[in-house]
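Student:
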Amino acid sequence: MDTLPAVVLAAGEGVRLRPLTRHRPKPMLPAANKPILAHVFDGLIEAGVSEITVVVGYGRSRVQDHFGPTYRNVPLTYVVQEKQLGSGHALLSLEDRFEEPFLVAYGDQILDSNIISDVIEATGEEVATLGVLDHSRVEHYGGVIMDGDRVTDLVERPTDERRYRLNAGIYGLNPKIFEAIRNAEPRDGEHSLIDALSWLVDSDAAVHGTVTDGLWVDATYPWDLLEVSRDLTDAGLAGEGRDERIDDSATVHETAIIRDPVVIGADAEVGPGTVLGPYTCLGENVTVESSAVIEGSLLDSDTRVGPNATLIDCVTGQGVSVGAGTTVPGGPGDVRVGDRMFERERLGALFADRVEIGGASSFAPGTMVGPDATVRTGADVGGSIAERTEVR
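What the sequence shown shows, in my numbering, is residues 54 to 445, in sequence order.
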């Protein structure tokens, strides 16, 4: 099969990535200086896809305003999922658009084009064809049990000792999938594509898996964005041109020390004596002033870092201001997300959108600061700081 039209599911918020998703959806978070969703589109287009329907919902204006009607000369059709009632619910709204097989991909998981091409090639008369990978961390994602090329079980976050492969989240689907979605029992009021696939497996319908290989990355929690950017940088998939690490419009002082790999976005400025990298991404219009040290960090657009600051294993949102002499010594640290504590994660600190940090502040490993919070000069900060909080 030469190619298939694609549906990209990009309607969800990404609750586990709060506070970064407080004002924008997960697919629009940065991954090596581009939105995660842009990397998804890149993989599809490089696999030959020439028609893309994007299901949007939470923060949809951020998606539509950023990408507009086309991406890399491929038309984008937007469909709004007014209520986020699951991936299956989103697909049912597209039922009248497809009479032939089509692809489905998630807008928050990055796949290289080889994985997508293999699924396109394997898609045939079966109701569903899944891309599956041999992966060491299946227990954190979706597991697939296969007998030959036939899927015999699908388990979310498996804990038993069976030999699972990873569900890569790319599907070649026959229009018969819509009937399966309706027949599968909803859970908590949501219709899931995975539940529909499980219903097909239990009904002895032909659900096939194609074992493939290639880059697959997913950010579930805020610190995962550092690993995602690292993987993309190592794979040469960083920067606006996929392999251009320093934008032509960026300014890097001749005395700055650049320790590759780094990615420096459009109109960014790196001041004298600054040490940048390795594995550091500066977004558009980021300014790093003199003698700062930025290592293993992801600084989103319009962030400003004052002189003599040190940021290690740090993630910022947009429009963050970090005062002179601020210190983030790096991870590992214990991080609280909601009511759950994660121990020894590689996160120095996270500063959400428009956080303002006074000079000479210091941050314990694993600190997370919510949007529009203010940290006054000389503060010693740890734990989770709620949005709009003032810390003295």
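Using N, Cα and C, we set each Cβ at its ideal position, and we do this for glycine too.
Because the structure is a prediction, the values reported are computed rather than measured.
Can you tell me where the alpha helix (DSSP H) holding HIS119 begins and where it ends?
Tutor: As a first step, residue 119 is located in the sequence shown; it is residue number 66 there, counting from the start. From DSSP, the alpha helix (DSSP H) with HIS119 extends over 113-120.
Student: Our contact map puts LEU352 next to SER282 with C-beta atoms below 8 Å; I'd like the distance itself, whole angstroms only.
Tutor: Along the sequence shown, one-based indexing puts residue 352 at 299. Along the sequence shown, one-based indexing puts residue 282 at 229. LEU352 to SER282, Cβ: 11 Å. No contact.
Student: Taking the beta strand (DSSP E) that ARG210 falls in, what are its first and last residues?
Tutor: In the sequence shown, the residue the question calls residue 210 occupies position 157. Note, ARG210: premise wrong, no beta strand (DSSP E); not H, not E.
Student: For the region 296-379, list the beta strand (DSSP E) runs that are entirely contained and at least 3 residues long, ordered along the chain.
Tutor: Runs of the beta strand (DSSP E) inside the region 296-379: 315-317, 333-335, 346-348, 363-365, 367-369.
Student: So, are the CB atoms of GLY383 and ALA417 less than 8 Å apart?
Tutor: In the sequence shown, residue 383 corresponds to position 330, counting from 1. In the sequence shown, residue 417 corresponds to position 364, counting from 1. No, the pair does not count as a contact, with Cβ atoms beyond the cut-off.
Student: If you follow the beta strand (DSSP E) that THR286 is in, where does it begin and where does it stop?
Tutor: The sequence position of residue 286 within the sequence shown is 233, counting from 1. Per DSSP, THR286 belongs to no beta strand (DSSP E); it is in the alpha helix (DSSP H), 277-287.
Student: According to DSSP, simplified to helix, strand and coil, what is ARG441?
Tutor: Walking along the sequence shown from the start, residue 441 turns up at place 388. Correct three-state label for ARG441: coil.
Student: CB ALA158 to CB ILE98, shorter than 8 Å?
Tutor: Stepping through the sequence shown from its first residue, residue 158 is reached at position 105. Stepping through the sequence shown from its first residue, residue 98 is reached at position 45. Not in contact: ALA158 and ILE98 (Cβ atoms no closer than 8 Å).
Student: Please report the Cβ distance between PRO154 and LEU57, rounded to the nearest whole angstrom; I am assuming they are in contact, meaning their Cβ atoms lie under 8 Å.
Tutor: The sequence position of residue 154 within the sequence shown is 101, counting from 1. The sequence position of residue 57 within the sequence shown is 4, counting from 1. Confirmed, Cβ separation roughly 6 Å.
Student: By the three-class DSSP mapping on this structure, what secondary structure does ASN220 have?
Tutor: Residue 220 sits at position 167 when you count from the first residue of the sequence shown. The three-state secondary structure of ASN220, taken from DSSP, is strand.
Student: So which of GLU66, LEU62, LEU70 has the shortest CA-CA distance to ARG389?
Tutor: Stepping through the sequence shown from its first residue, residue 389 is reached at position 336. Among GLU66, LEU62, LEU70, the Cα nearest to that of ARG389 is on LEU70.
Student: If you count every other CB in all the chains shown that lies within 10 Å of the CB of ILE169, and 16 or more means buried, which is it?
Tutor: Stepping through the sequence shown from its first residue, residue 169 is reached at position 116. Its Cβ being crowded by 16 or more others within 10 Å, ILE169 is buried.
Student: Given this structure, state the Cα-to-Cα distance separating VAL60 from SER140, to the nearest angstrom.
Tutor: For the purposes of this step, residue 60 is taken as residue 7 along the sequence shown, with counting starting at 1. For the purposes of this step, residue 140 is taken as residue 87 along the sequence shown, with counting starting at 1. So the alpha carbons of these two residues sit roughly 11 Å apart.
Student: Any idea what DSSP makes of SER415, helix, strand or coil?
Tutor: Counting from one through the sequence shown, the residue named residue 415 turns up at place 362. Note: SER415 maps to strand in three-state DSSP.
Student: Using DSSP with H/G/I as helix, E/B as strand and the rest coil, what is ALA249?
Tutor: Translated into positions along the sequence shown, residue 249 becomes position 196. If DSSP states are grouped into helix, strand and coil, ALA249 belongs with the helices.
Student: Check whether the Cβ atoms of VAL204 and LEU183 lie closer than 8 Å to each other.
Tutor: Within the sequence shown, the letter at position 151 stands for residue 204. Within the sequence shown, the letter at position 130 stands for residue 183. Taking the C-beta atoms as reference points, LEU183 is found nearer than 8 Å to VAL204.
Student: List the whole-angstrom C-beta distance separating ILE365 from GLY401, where the pair is believed to meet the contact cut-off of C-beta under 8 Å.
Tutor: For this step, residue 365 is matched to residue 312 along the sequence shown. For this step, residue 401 is matched to residue 348 along the sequence shown. Indeed, because the Cβ distance is near 5 Å, the residues count as touching under 8 Å.
Student: State yes or no: is the C-beta of GLY330 within less than 8 Å of the C-beta of SER344?
Tutor: Translated into positions along the sequence shown, residue 330 becomes position 277. Translated into positions along the sequence shown, residue 344 becomes position 291. Their beta carbons are not under 8 Å apart, which means GLY330 does not touch SER344 by this criterion.
Student: What residue from PRO211, GLU214, MET199, LEU246 has the CA that sits closest to GLY225's CA?
Tutor: Mapped onto the sequence shown, residue 225 falls at position 172. Here the closest residue by C-alpha is LEU246.
Student: Rounded to a whole number of angstroms, what is the C-alpha to C-alpha distance between SER103 and ALA288?
Tutor: As a working note, residue 103 is residue 50 in the sequence shown. As a working note, residue 288 is residue 235 in the sequence shown. Computed Cα separation, rounded: 24 Å.
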